[in-house]
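Taken in sequence, the protein lines are chains A and G. In this text, residue positions in the first sequence follow this note's numbering: the first is 1, and each later residue adds one. In this text, residue positions in the second sequence follow this note's numbering: the first is 1001, and each later residue adds one.
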Amino acid sequence: MSAQAFLLALAAALMLPATTACAQPDVLFPPATAGCYVGAEITPAAGAQPYRKPAVPVTAIRLQRGHPQLAQEDEQARPAEGGRLINLRVIATFADAGKDGGPKRYANGLYDALRCSGDVCDAGNYRVERQADATVLLRMTGGLNVGGGPQGADASRRLPDGHVYRLVASTIDACR
Amino acid sequence: MPGFVTKRVRPIPATSILAALVAMAAAPPTFAAPRPLADALSPGQPSCHARVFGAAELAAHPGRRVTGIAIERAARDVAAERKWSRLEEFDGTAIVSATLRVRLRGDPVTHSARLQCFRGDGDALVCESPACVGGELRISGEGRGAIQVSIGGTLKSGRFIGHYIHLDESCEGRVGGPLVLESGDDDRSFSLAAAPKQACQ
């Protein structure tokens, strides 16, 4: 191998990890790509606030990024200070889903934005963190209000501060 | 203060202030944006928009699952809209209520889903199923009272992103998976003309 070829190979070898590091935020929620994570709660920490009104736990959590979220992102400018903004639909199913005619699913607002940097996306009151095993943690850092059912029914619940949910990347079908 | 000229301010009669306040309270809120698609989906009036694909159209689009699709606003929808119109409107506040009805190829059942629609971009509506949140469709105007129903859409890059809407209220509780209308190659958008009420049944 010539000295020039060796230097090129060395430069490529040095650039590859840097390129991968830069791509990290896109691994969690790749731009312009629909995605779905599905999971459930892991054992709440000792200090986690309980579910209240009613005291019913979550049985499934979905993080959906479909056309509505990607279309919204399409209109958002990339933050000048780095990172990027993404939109996410957090869909919660509680243990009493559909009981007594109640909502089967609850979700956050349509235009919740998260700032992503590295392996973490932060909404301020909750975070999504990519783990080394490729799962993600949805961590409540203040709590998230979720609503359900028809307008006017005023059905809302809360994913309380301190609760953590572990999710795995799934096919889009799993978020439907 | 020497040389400082003061001028007596003309008193404003209390009756003038009261009259102005009454006029402000009685005037309609001019800041409210007009409701999208007010011509096709007129507030206070039921509506029906429908499309049935004939054998020739289905043969030309073998990938199309939908053989018939309708959007109906019945009396109960109009009543719901009237109630909602009294609420303050935020992002995501429903302003139009409707029922989606779909017939699928090789399926004798007419599937239906309740829709709640809120203001989208421009003169468009974004509709969700309140029972199974997550899916959505968009309704825009096509002129002369016709509407376009689309599922999924194209980003600025030109890339099409598919989506879906639930066709019943079972959500993930249905054996075999949720029943959805998804944006396949030939099921992305549908042009629906205004039609008599019977066409939406």
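Using N, Cα and C, we set each Cβ at its ideal position, and we do this for glycine too.
Distance from the Cα of A/A169 is smallest, within the candidate group A/Q64, A/P54, A/R84 and A/G83, for A/Q64. About 12 Å separates the beta carbon of A/A155 from that of A/G98, a gap too long to meet the 8 Å contact definition.
Contact check for G/D1123 against G/P1036 passes: the beta carbons are separated by less than 8 Å.
The shortest C-alpha to C-alpha distance from G/G1044 to any of G/H1061, G/E1081 and G/F1053 is the one to G/E1081. Comparing alpha-carbon positions, the option among G/T1067, G/A1038 and G/I1139 lying closest to G/R1051 turns out to be G/T1067.
At a C-beta separation below 8 Å, G/V1180 has these neighbours in chain A: R176. Taking 8 Å as the cut-off, the beta carbon of G/S1085 is found no closer than this to the beta carbon of G/L1100. Nearest to A/D119 by alpha-carbon distance, out of A/A48, A/C36 and A/V128, is A/V128. Taking a Cβ-Cβ cut-off of 8 Å, the neighbours of G/L1155 in chain A comprise A32, L70, A71 and D74, given in sequence order. Residues are counted here when their Cβ sits less than 8 Å from a Cβ of chain G; for the segment 98–116 of chain A these are G98, P103, K104, R105, Y106, A107, G109, L110 and Y111, given in chain order. Between the segment 69–80 of chain A and the segment 124–144 of chain A there are fewer than three C-beta pairs closer than 8 Å, too few to call the two in contact. When DSSP states are grouped into helix, strand and coil, G/E1057 belongs to the helix group. Within its own chain, no residue has a Cβ closer than 7 Å to the Cβ of G/V1175 once the five positions on either side in sequence are excluded. Counting along the chain, the unbroken beta strand (DSSP E) around G/E1182 starts and ends at V1180 to E1182.
For A/R89, the residues of chain G that pass the 7 Å Cβ criterion are G1134, in the order they occur in the chain. Contact annotation: in the segment 152–168 of chain A, residues whose CB is within less than 9 Å of a CB in chain G are G152 and A153.
One finds nothing in chain G with a Cβ atom closer than 8 Å to the Cβ of A/G143; even the nearest lies about 19 Å away.
The Cβ atoms of A/Y106 and A/A95 lie no closer than 8 Å to each other. For G/P1130, the chain A residues whose C-beta falls within less than 9 Å of its own C-beta are P103, G148, G149, P150, Q151 and A153, listed in chain order. For G/Q1116, the nearest CB of chain A lies under 8 Å from its own CB, placing it at the interface with that chain. Three or more pairs of CB atoms, one per stretch, sit closer than 8 Å, so the segment 1182–1195 of chain G contacts the segment 1146–1161 of chain G. Around A/G66, the beta-carbon contacts reaching into chain G at under 9 Å are G1134, G1135, E1136, G1152, I1161, G1162, H1163 and Y1164.
Contact check for G/A1040 against G/A1146 passes: the beta carbons are separated by less than 8 Å.
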